[in-house]
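In what follows, a single structure is set out as structure tokens and then discussed.
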Amino acid sequence: QQQVKQSPQSLIVQKGGISIINCAYENTAFDYFPWYQQFPGKGPALLIAIRPDVSEKKEGRFTISFNKSAKQFSLHIMDSQPGDSATYFCAASIRTSGSRLTFGEGTQLTVNP
Amino acid sequence: NAGVTQTPKFQVLKTGQSMTLQCAQDMNHEYMSWYRQDPGMGLRLIHYSVGAGITDQGEVPNGYNVSRSTTEDFPLRLLSAAPSQTSVYFCASTRQGGRSYGYTFGSGTRLTVV
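So the sequences go chain by chain: F and Y. Okay, so the first sequence: first residue is 2 according to the numbering used here, each after it adds one. Okay, so the second sequence: first residue is 111 according to the numbering used here, each after it adds one.
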């Protein structure tokens, strides 16, 4: 049972465009939502994260939007660049479960020059 | 610092063979975990450990064993390899309870079972 569902599976965007990746979760006990970025041949790395007490968090060109009532959150990449081409994973965790993370299925983003 | 080191990077096994995937970290992280990555299925948790001598099962533990005799090492054992275990395996570590600190992942082991 996939507790965190991610879409789309793949995404192609032109340079300068906006990339949007969506995630939905089922367990209302989740209280921490990170996004990880993975380049080919590498392990994932933390990109940005949000807690449910805020509706938006922005770091540079990357923004997380969070909708607690809908149990959804999304990653927006503004002014997408070819260097942003990677696989993106959303994830979720519960404070009482310590450091355990549940990941979404992943989105392969390609930014064309 | 080397971070998280996984060996080997690539491995081909025959069905029924056993092997151990090695994972070592030099950051004194309490929490270590193993994930497998398959197309369209994301990262699925196999086993994890919150400290030396303590391990627990994740989502997909069948066919795998782990042990944690030291803080630094967390090997993953495939008991009798099956084609369904063909995957890319990642080891990750972090501070226990340090969710906002983020996971440090190794570079992965690509395993093919024929």
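Every residue, glycine too, gets a C-beta built ideally from N, C-alpha and C.
Identity of the residues DSSP links to residue i by a beta bridge
i: Y/Phe184; result: DSSP output for Y/Phe184 lists no bridge partner at all.
i: F/Asn129; result: Residue 129 of chain F lies beyond the stretch modelled for chain F, which goes from 2 to 114, so this question has no answer here.
i: Y/Tyr174; result: Y/Leu188
i: F/Asn23; result: F/Ser8, F/Ser75
i: Y/Gly241; result: Since the displayed chain Y opens at 111 and closes at 224, residue 241 of chain Y lies outside it and no answer follows.
i: F/Pro35; result: F/Ala50
i: F/Arg101; result: F/Arg101 pairs with nothing; no bridge assigned.
i: Y/Phe200; result: Y/Tyr145
i: Y/Ser159; result: Y/Met142
i: F/Lys59; result: F/Thr64
i: Y/Val224; result: According to DSSP, Y/Val224 bridges with nothing at all.
i: Y/Gln132; result: Y/Thr117
Closest residue to residue i among the options (Cα-Cα distance)
i: Y/Ile156; options: Y/Asn138, Y/Pro118, Y/Pro171; result: Y/Pro171
i: F/Arg83; options: F/Val112, F/Lys72, F/Ile49; result: With the sequence shown as reference, residue 83 of chain F is identified as Pro, and Arg is not the correct amino acid for it. It is F/Val112 whose Cα lies nearest to the Cα of F/Pro83.
i: Y/Gln195; options: Y/Tyr213, Y/Thr219, Y/Val223; result: Y/Val223
i: F/Asp54; options: F/Leu48, F/Tyr33, F/Gln10; result: F/Tyr33
i: Y/Pro193; options: Y/Gly152, Y/Gly173, Y/Ala112, Y/Gly168; result: Y/Gly173
i: F/Ser176; options: F/Ser94, F/Ala87, F/Glu57; result: Because chain F is modelled from 2 through 114, residue 176 of chain F falls outside the range shown and cannot be assessed.
i: F/Pro114; options: F/Gly107, F/Thr108, F/Ser94, F/Ser81; result: F/Ser81
i: Y/Ser159; options: F/Ser98, F/Thr64, F/Ser70; result: F/Ser98
i: Y/Thr219; options: Y/Ser210, Y/Cys133, Y/Gly161, Y/Gly163; result: Y/Cys133
i: F/Ile49; options: F/Ala93, F/Lys72, F/Gln4; result: F/Ala93
i: F/Asn68; options: F/Arg96, F/Tyr26, F/Asp85; result: F/Tyr26
i: Y/Ile164; options: Y/Ser190, Y/Leu188, Y/Gln206; result: Y/Gln206
i: F/Gln38; options: F/Phe90, F/Gln73, F/Gln4; result: F/Phe90
i: F/Ala71; options: F/Ile13, F/Cys24, F/Asp85; result: F/Cys24
i: F/Gln4; options: F/Thr64, F/Phe31, F/Ile65; result: F/Phe31
i: Y/Ser210; options: F/Val14, F/Ile51, F/Glu57, F/Thr29; result: F/Ile51
i: F/Lys6; options: F/Ile65, F/Ile13, F/Thr64, F/Gln73; result: F/Gln73
i: Y/Met129; options: Y/Leu189, Y/Arg154, Y/Gln167; result: Y/Leu189
i: F/Asp85; options: F/Glu57, F/Gln15, F/Asn28; result: F/Gln15
i: F/Ile95; options: F/Ser8, F/Thr29, F/Pro9; result: F/Thr29
i: Y/Phe200; options: Y/Arg154, Y/Ser177, Y/Asn175; result: Y/Arg154
N- and C-terminal bounds of the beta strand (DSSP E) containing residue i
i: F/Thr64; result: 63-68
i: F/Ala93; result: 87-93
i: F/Ser8; result: 5-8
i: Y/Asp166; result: 164-167
i: Y/Arg137; result: Per the sequence shown, residue 137 of chain Y should be read as Met rather than Arg. Neither: Y/Met137 is in no beta strand (DSSP E) and is coded neither H nor E.
i: Y/Thr115; result: 114-117
i: Y/Phe120; result: 120-123
i: Y/Ser210; result: Run containing Y/Ser210: none; DSSP gives neither H nor E here.
i: F/Arg96; result: Counting along the chain, F/Arg96 falls outside any beta strand (DSSP E), and DSSP gives it neither H nor E.
CB-CB length for residue i against residue j, believed under 8 angstroms
i: Y/Leu186; j: Y/Leu131; result: 4 angstroms
i: Y/Gly152; j: F/Gly107; result: 5 angstroms
i: Y/Gly161; j: Y/Gln135; result: So it is not a contact: roughly 13 angstroms between Cβ atoms.
query = Does the count of Cβ pairs from the stretch 11-25 of chain F and the stretch 76-85 of chain F closer than 8 angstroms reach three?
reply = yes
Are the stretch 144-155 of chain Y and the stretch 115-125 of chain Y touching, with three or more C-beta to C-beta distances below 8 angstroms?
no
Review point. Does the stretch 130-141 of chain Y touch the stretch 177-195 of chain Y, meaning 3 or more C-beta pairs lie closer than 8 angstroms?
Key: By the criterion of at least three beta-carbon pairs nearer than 8 angstroms, the stretch 177-195 of chain Y is in contact with the stretch 130-141 of chain Y.
task: Inspect the CB distances between the stretch 88-107 of chain F and the stretch 113-120 of chain Y and report whether three or more fall short of 8 angstroms.
output: no
### Query
Contact between the stretch 203-218 of chain Y and the stretch 43-61 of chain F: three or more CB pairs below 8 angstroms?
yes
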